[in-house]
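Using my numbering, the first residue of the sequence shown is number 96, and each one after it goes up by one. Each residue gets a CB set at the ideal place from its N, CA and C atoms; glycine is no exception. Structure record follows, encoded as structure tokens.
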Amino acid sequence: MFAISSVFLLIIVSLCHGQSKVRQCAPDTVDFATKVDKSSVVVYGKPMAKIMNEGSDSIFHVFFQVDCVLKGPATLRQINITNAGKI
Numbered sequence: 096m097f098a099i100s101s102v103f104l105l106i107i108v109s110l111c112h113g114q115s116k117v118r119q120c121a122p123d124t125v126d127f128a129t130k131v132d133k134s135s136v137v138v139y140g141k142p143m144a145k146i147m148n149e150g151s152d153s154i155f156h157v158f159f160q161v162d163c164v165l166k167g168p169a170t171l172r173q174i175n176i177t178n179a180g181k182i
């Protein structure tokens, strides 16, 4: 498993997508260029599966397929992102 610390994953997916309740995402106050600049790793890809966490309607796990590493060292082709969403 790929441990991620101080890593920004460039994931083009809405964190609110797929929810049964209508939710408002919190506004993002950090500009994109700053996120990329401050990140040690930036990858591009797509989510392959999203699994909701039992007991929560806002926390989930994502299996993410890496198509391209834009910044940082080579990484695994699949990254498992745990406890994503609103905690």
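- Per DSSP, K181 is not a residue of any beta strand (DSSP E), being assigned neither H nor E.
- Per the Cβ contact rule, the region 119-136 is not in contact with the region 148-158 (fewer than 3 Cβ pairs under 8 Å).
- In the assembly as shown, A179 is a buried residue. Its beta-carbon has 16 or more other beta-carbons within 10 Å.
- Between the alpha carbons of V164 and S135 lies a distance of about 11 Å.
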